[in-house]
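Please read the structure below before turning to the comments.
In the working numbering, the protein residues as written are 1 to 188.
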C-alpha cells in the first residue's frame with residue numbers, strides 16, 4: 001500500500017485511506033494468474049463513485065467507493081476489491097492536512113510506513129530451515145497432477161484447492177493430492 005485516496009475534505013483537513021499501487025498489484029496478479037482482469041465503472045460523477053471489478057483465479061470481487069475526485073474514488077474502489085481478495089490488508093484511514101492546490105499531505109503517513117518497513121529490511125533473516133526431501137517430492141507429484149488436470153481442461157475446477165498451496169505438512173500435501181486426483185478421476 002503506497003498510494004493514498006482522498007475520500008473526504010473538510011476545510012483544511014482530508015480523510016485519506018491507503019490503496020495499492022496499480023503497477024505493484026498488477027505484478028502480483030500476473031504471478032498468480034496471467035488471465036486476471038480489472039474493469040472500472042463510474043456510477044456517479046457528483047459525488048464521484050467508482051466500481052472496480054477484479055477477476056482472478058476464477059473469482060470475481062468488486063470494490064465500490066466514493067472519493068474527493070474521480071481518481072481518488074478509483075483508488076479507493078481498487079483498495080476495496082484488493083482487500084476482498086486478501087491482497088491488501090484492511091487499514092484504517094487518517095485525517096491529514098489538505099491544501100486545495102497541493103492536495104492531501106500524506107508525507108507523514110508515508111514516513112511512518114517506511115519506518116515500519118525499514119527495520120524488517122535491516123534485520124537479518126534467520127537461515128532457511130533445511131528442506132524436507134519428502135515435501136519436495138510431494139510438491140513435484142502435485143505439480144505433475146496439476147499439469148494433467150490443466151491439459152484435460154479442468155483448471156478452473158481446481159482453483160479452490162490451488163489457493164491452499166502445497167500444504168504445510170506431508171499429511172496436508174497428501175490430502176491436496178487426493179483432492180486433485182478426485183477431480184481428474186471424475187472427468188474420466
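Just so it is clear, CB atoms sit at the ideal spot from N, CA and C, and this is done for glycine as well.
These figures come from a predicted structure and were not determined experimentally.
Straight-line gap, residue i to residue j (C-alpha atoms, nearest Å)
i: residue 178; j: residue 82; result: 31 Å
i: residue 75; j: residue 19; result: 6 Å
i: residue 39; j: residue 99; result: 31 Å
i: residue 181; j: residue 51; result: 39 Å
i: residue 118; j: residue 111; result: Confidence is the limiting factor: at residue 118 the pLDDT is only 46, short of 50, which leaves the residue's position unreliable, though a coordinate-based value still follows. Between residue 118 and residue 111, the C-alpha separation is close to 10 Å.
i: residue 141; j: residue 131; result: 16 Å
i: residue 150; j: residue 43; result: 38 Å
i: residue 58; j: residue 67; result: 29 Å
i: residue 161; j: residue 147; result: 14 Å
i: residue 107; j: residue 163; result: 36 Å
Where residue i sits in the DSSP three-state scheme
i: residue 94; result: strand
i: residue 155; result: helix
i: residue 150; result: helix
i: residue 43; result: strand
i: residue 165; result: coil
i: residue 99; result: strand
i: residue 16; result: strand
i: residue 107; result: helix
i: residue 11; result: coil
i: residue 65; result: strand
i: residue 180; result: helix
i: residue 3; result: strand
CB of residue i within 8 Å of CB of residue j, strictly
i: residue 64; j: residue 48; result: no
i: residue 152; j: residue 184; result: yes
i: residue 21; j: residue 2; result: yes
i: residue 55; j: residue 34; result: no
Close-in-space but distant-in-sequence residues of the same chain around residue i (CB under 6 Å, 5 per side omitted)
i: residue 124; result: Annotation note: pLDDT 48 at residue 124 (below 50); position unreliable, no value reported.
i: residue 122; result: Note that residue 122 has pLDDT 45, beneath the 50 cutoff, so the model's placement of it is unreliable and the number below is only indicative. None.
i: residue 104; result: 6, 14, 16, 96, 98
i: residue 145; result: 180
i: residue 187; result: 152, 154
i: residue 173; result: 138, 166, 167
CB-CB length for residue i against residue j, believed under 8 Å
i: residue 273; j: residue 61; result: The first residue shown for the chain is 1 and the last is 188, placing residue 273 beyond what the model contains.
i: residue 170; j: residue 134; result: 5 Å
Own chain, CB closer than 7 Å to residue i, minus 5 neighbours either side, in chain order
i: residue 12; result: 97, 98
i: residue 159; result: 57, 58
i: residue 73; result: 48, 49, 50, 65, 66, 67
i: residue 29; result: 36, 56
Spatial neighbours of residue i in its chain, beta-carbon cut-off 8 Å, leaving aside the 5 residues before and after
i: residue 79; result: 1, 5, 17, 18, 19, 20, 63, 65, 88
i: residue 24; result: 2
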